[in-house]
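As structure tokens, the structure follows; a few thoughts come after it.
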Amino acid sequence: MASLGELTAGIAHEIQNPLNFVNNFSEVSNELLGEMNDELSKGNHDEAKQIAGDVKQNLEKILHHGKRADGIVKSMLQHSRSSSGQKELTDINTLVDEYLKLAYHGLRAKDKSFNAKFETSFDSNAGKINVVPQNIGRVILNLINNAFYAVSEKQKAEGLTPDAENYEPTVTVSTQKTNSGIEIKVADNGSGIPQKVLEKIFQPFFTTKPTGLGTGLGLSLSYDIVKALGGELKVETKEGEGSVFIISLSLIDTV
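Under numbering that gives the first Met the number 0, the first residue of the sequence shown is numbered 0, with each subsequent residue one higher.
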């Protein structure tokens, strides 16, 4: 699972963007008000009126980005609350998108050299699903972190070969409503999972990461969480090309 530091870095980045806009537009507005006072003192009411219009536009932008930051905080508080174990209707696309951004920015904050492209493909018909959002969020976060780790490791390995410039590390996250429920897919174009370890990846304490980088509990816990929801967690992989982890959740819990 992601460390608290990575999550905190991701949240901080998400909040910092709208706060930067708030600060910038506030600073510009303050300067404009000074100019407006100068024009008013000169009796240039038309110029002052034009400046007032610019200030109004800036205030609207400040309000927009302030609400954006407020929404991020409320969303993160919702996901960080102690889980009561009670299911609740959760917009699956919103949940997946939030955890994707947290994982990406958290890793960027932890490792400045980390750089990968992420893509999304959300089914607008996916709707809401009756789950414990904190639990399924942990699963999504773990799978996305693993995917970014896989492409990062391949990029490091490719850096030693002539094909390095042709490799673009990419993680794709998608949702799809199916006849039986909802599927969440986390795909990467990393090196794939060797067949000799494929059957062990959901076992507790099994990890292919170096000592200190993985506990071997992430996939095991993710598997148990999905299973407890009556769903299925499986993987499709091809050595040298990448992997796709698929969360399948039952239609009975979707709305």
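Where a beta carbon is used, it is the ideal one built from N, C-alpha and C, also for glycine. Note that the coordinates shown come from a computational prediction; the quantities given were computed from them, not determined experimentally.
The Cβ-Cβ distance between Ile224 and Val234 does not fall below 9 Å. Taking all protein chains in view, the Cβ of Thr174 is crowded by 16 or more other Cβ atoms within 10 Å, so the residue is classified as buried. In the pairwise beta carbon analysis, the stretch 92-100 is classified as not touching the stretch 35-55: fewer than three pairs are separated by under 8 Å.
Bounds of the alpha helix (DSSP H) holding Thr93 are Ile91 to Lys109.
Under the three-state reduction of DSSP output, Gln85 falls in the coil class, being neither helix nor strand. Going by C-alpha positions, Glu164 is about 12 Å away from Ala156. In this structure, Lys184 is the residue among Lys184, Lys199, Glu198 and Thr119 with its C-alpha nearest to the C-alpha of Ile139. Taking one beta carbon from each stretch, the stretch 14-34 and the stretch 58-72 have 3 or more pairs nearer than 8 Å; the two touch. A direct Cα-to-Cα measurement between Gly126 and Glu38 gives close to 54 Å. Distances from the alpha-carbon of Thr89 to those of Asp96, Phe113, Pro132 and Lys55 put Pro132 closest. Beyond the five residues adjoining it in sequence on each side, Val150 comes within less than 7 Å, by CB distance, of Ala115, Pro168, Thr169, Val170, Asp187, Asn188 and Gly189 in the same chain, given in chain order. Looking at the DSSP output, Gln175 shares a beta bridge with Glu182.
For Phe201 and Ser28, the gap between their C-alpha atoms comes out near 55 Å.
Assigned with DSSP and collapsed to three states, Ile143 falls in helix. For Val27, the three-state secondary structure derived from DSSP is helix. One Cα belongs to Asn36, the other to Phe24, and the distance between them is close to 18 Å.
Scanning its chain for C-beta atoms nearer than 7 Å, with the 5 sequence neighbours on each side dropped, one finds around Ile61 the residues Val21, Phe24 and Ser25, in chain order.
Residue environment for Gly217: buried (at least 16 other C-beta atoms within 10 angstroms of its C-beta).
With respect to the 9 Å criterion, Ile181 and Ser123 are not classified as neighbours on the basis of their beta carbons. Cβ neighbours of Pro193 within its own chain (closer than 8 Å, five residues either side excluded): Glu238.
In the three-state scheme derived from DSSP, where H, G and I count as helix and E and B as strand, Phe113 is classed as coil. The secondary-structure analysis by DSSP pairs Asn129 across a beta bridge with Leu88. Excluding its 5 nearest sequence neighbours in each direction, Glu118 has C-beta neighbours in its own chain below 8 Å: Thr169, Val170, Thr171 and Val172, listed in chain order. The beta carbon of Gly33 lies closer than 6 Å to none in the same chain, with the five residues before and after it left out. When only Cα atoms are considered, Ile135 and Phe121 end up about 17 Å apart.
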